[in-house]
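To start, the structure itself, in structure tokens.
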Amino acid sequence: MSDDIYPTMIHASPPDTEAELVYRCQQIAGKTVGQLAQQCSVTVPADLRRHKGWLGNLLERILGADAGNQAEPDFVALGIELKTIPLNTRGEPKESTYVCTVNPRAVTETHWQTSWLRRKLSKVLWLPVEADKTISLQDRYIGEAILWQPSIQQESVLQQDWEDLMEIMIAEGAVTARLGRYLQIRPKAANSRVITRQIGYDGGEEWHHPCGFYLRTCFTQQILSGKACC
DNA sequence: TGATGATCATAA
DNA sequence: TTATGATCATCA
Numbered sequence: 001m002s003d004d005i006y007p008t009m010i011h012a013s014p015p016d017t018e019a020e021l022v023y024r025c026q027q028i029a030g031k032t033v034g035q036l037a038q039q040c041s042v043t044v045p046a047d048l049r050r051h052k053g054w055l056g057n058l059l060e061r062i063l064g065a066d067a068g069n070q071a072e073p074d075f076v077a078l079g080i081e082l083k084t085i086p087l088n089t090r091g092e093p094k095e096s097t098y099v100c101t102v103n104p105r106a107v108t109e110t111h112w113q114t115s116w117l118r119r120k121l122s123k124v125l126w127l128p129v130e131a132d133k134t135i136s137l138q139d140r141y142i143g144e145a146i147l148w149q150p151s152i153q154q155e156s157v158l159q160q161d162w163e164d165l166m167e168i169m170i171a172e173g174a175v176t177a178r179l180g181r182y183l184q185i186r187p188k189a190a191n192s193r194v195i196t197r198q199i200g201y202d203g204g205e206e207w208h209h210p211c212g213f214y215l216r217t218c219f220t221q222q223i224l225s226g227k228a229c230c
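Note that the working numbering gives residue 156 to position 156 of the first sequence, counting from 1, and the numbers run on in steps of one.
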């Protein structure tokens, strides 16, 4: 129960406007993780192996996002989702980015326009962070934040991917991470043994591994660079 | 090396 | 238990 790793108190001033949010990001851009941690009186963990969500949670608090795990955007009032994005040595996204959990119950009834995924991605504040293993965590620099909304083109591709994936989910009950142009579905659970069972209305049973939507690196890369690449 | 599949921590 | 936050580890 040590609280020297995780900040104990909620941030004082949640942003009221996008401008204020962006301003806050500018304040932390160029700083190191160590500096930010000190600012919050927390200790930087030696590595992220056992603290994968630490940095994300820390930044949420610093920027005034509502902490916790509500199924709402980070900045509820603004409808903005905050995401850190790990950068490799070349300044490119290092890994695919988790978006949200796949809700198997909504597969058959939800449309793209009302999908949770689309809501999550309707407005995202991307916060690039150095994530090279050779850099110690506390020395990693925070990049310049990007307040992003999908372009018409981007959204249409996402919609296409989403619909394809949903179709396969329905048809086969499972998908592979290989599917999808920008979007992919991958396992998302404590471990591979975690399965949830649902009993349908007709009494039939369904098992499945919890999965989540991820954005491929080539997609996040084009967001960061501001142009299409692939 | 990069991408896929697996895994870790916390809060409600 | 399931949502959130992501990164790790392995295989091709």
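Yeah, the Cβ is synthetic: ideal placement off N, Cα and C, and Gly gets one too.
The alpha carbon of Lys-123 has as its nearest neighbour, out of Gln-149, Leu-117, Val-129, the alpha carbon of Gln-149. Here the alpha carbon of Gly-180 sits roughly 27 Å from the alpha carbon of Gln-70. Per DSSP, the unbroken alpha helix (DSSP H) holding Val-22 starts and ends at 18-28. When the alpha-carbon of Gly-212 is set against those of Glu-18, Leu-183, Tyr-23, Gly-56, the nearest one is in Leu-183.
Within a 10 Å sphere around the beta-carbon of Lys-94 sit 16 or more other beta-carbons, which makes this residue buried. The DSSP assignment places 116-121 as complete runs of the alpha helix (DSSP H) inside the segment 110-154, in order along the chain (cut-off: 4 residues).
Comparing C-alpha distances from Gly-64 to each of Phe-75, Val-102, Pro-187, Gly-56 shows the shortest one belongs to Phe-75. A Cβ-Cβ separation of about 18 Å leaves Thr-176 out of contact with Thr-97 under the 8 Å criterion.
Secondary-structure assignment with DSSP links Glu-60 through no beta bridge to anything. Boundaries of the beta strand (DSSP E) around Gln-184: 183-187.
Counting other Cβ atoms within 10 Å of its Cβ, Asp-16 stays below 16 and is therefore classed as exposed.
Check the Cα spacing between Ile-142 and each of Glu-20, Trp-54, Gly-53, Leu-59: the tightest is with Leu-59.
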